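Under my numbering, residues 12 to 163 are what the sequence shown spells out, in order. Okay, so here's the structure we're looking at.
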Amino acid sequence: MKSAVLLPDIRSGWNVGSFFRTADSLGIDQIFLSGFTPKPPHKEISKTALDADIFVPWSYFNNSIECATLLKERGYSLVAMELTDDAISLEKFTFPKNACLVMGNEITGVSKEMLELCDSVVFIPMKGGKQSMNVSIAGSLGMWEMVKSVKI
Numbered sequence: 012m013k014s015a016v017l018l019p020d021i022r023s024g025w026n027v028g029s030f031f032r033t034a035d036s037l038g039i040d041q042i043f044l045s046g047f048t049p050k051p052p053h054k055e056i057s058k059t060a061l062d063a064d065i066f067v068p069w070s071y072f073n074n075s076i077e078c079a080t081l082l083k084e085r086g087y088s089l090v091a092m093e094l095t096d097d098a099i100s101l102e103k104f105t106f107p108k109n110a111c112l113v114m115g116n117e118i119t120g121v122s123k124e125m126l127e128l129c130d131s132v133v134f135i136p137m138k139g140g141k142q143s144m145n146v147s148i149a150g151s152l153g154m155w156e157m158v159k160s161v162k163i
C-alpha cells in the first residue's frame, strides 16, 4: 500500500511546509512537487514543516503532467481534489490502496489537463458562504481520508 501527494504549482512555501508536516504525522510515503512549487530547502517550508521535510521523502519534477504520468506507470491511482460536475464527496469516497492525492494551485485549482489524467475527483462538502478552503487544510482532510481508507 502506497500513499503520496502531488503538489503542482503551489504558490506558497508555507502551504508546502504544512503539507510536509501533515504528511509526516499521517505516515504518507512521499510528496511529489512540480512546476513552480517551492522545494526544500526553503525558508517558508522550514517555518511550517518544523523539519518534517527531512522525514518525508520528496521528489521534484519540472513538468506536472510528466510527473503524474510516471506515477500512473508506477501503479498509483491519481485522486484529484477539485470541484467538478462529476466529483465525489470526500465523505463517500474510498481511496484505492495505492493512491496519490493531487492538489491544485491556490488560485486556479487542478488544471484541466491534470484532471484528464486522474482516475477520480473528490470534493469537500462545505457550508459557509465562501465555499473555499486553504489548499493545505483541504489537503490535510484528503490525506486523513486516504490514510483512513487504506487502513480499513
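No residue lacks a Cβ here, since even glycine has one placed at the ideal position from N, Cα and C. This structure is a prediction, so every number in the text was calculated from the model and none was measured.
In this structure, TYR87 is the residue among GLY120, VAL27, LEU81, TYR87 with its C-alpha nearest to the C-alpha of LYS108.
Shown here for LEU82: same chain residues with a beta carbon closer than 8 Å to its own, the five before and five after excluded, namely ALA15, LEU17, PHE43, LEU89, CYS111 in chain order. Look at CYS129 here: in three-state DSSP terms it is coil, with no helix or strand label. No Cβ-Cβ contact shorter than 9 Å links VAL146 with PHE104.
Annotated three-state conformation of ALA110 is strand, per DSSP. Taking ILE76 as the centre and dropping the five residues before and after it, the same chain places the C-beta of GLU124, MET125, LEU128 closer than 8 Å to its C-beta, in chain order.
Annotated three-state conformation of GLY120 is strand, per DSSP.
In this structure, LEU101 lies near LEU152, with their beta-carbon atoms less than 9 Å apart.
In the structure shown, the three-state DSSP call for VAL90 is strand.
Residue burial is scored here from C-beta neighbours: ASN26 has at least 16 other C-beta atoms within 10 angstroms and is therefore classed as buried. In the structure shown, LEU101 adopts helical secondary structure according to DSSP, grouped into three states. Apart from the 5 residues on each side of it in sequence, ILE99 sits with its Cβ closer than 8 Å to the Cβ of SER131, VAL132, VAL133, PHE134 in its chain, given in chain order.
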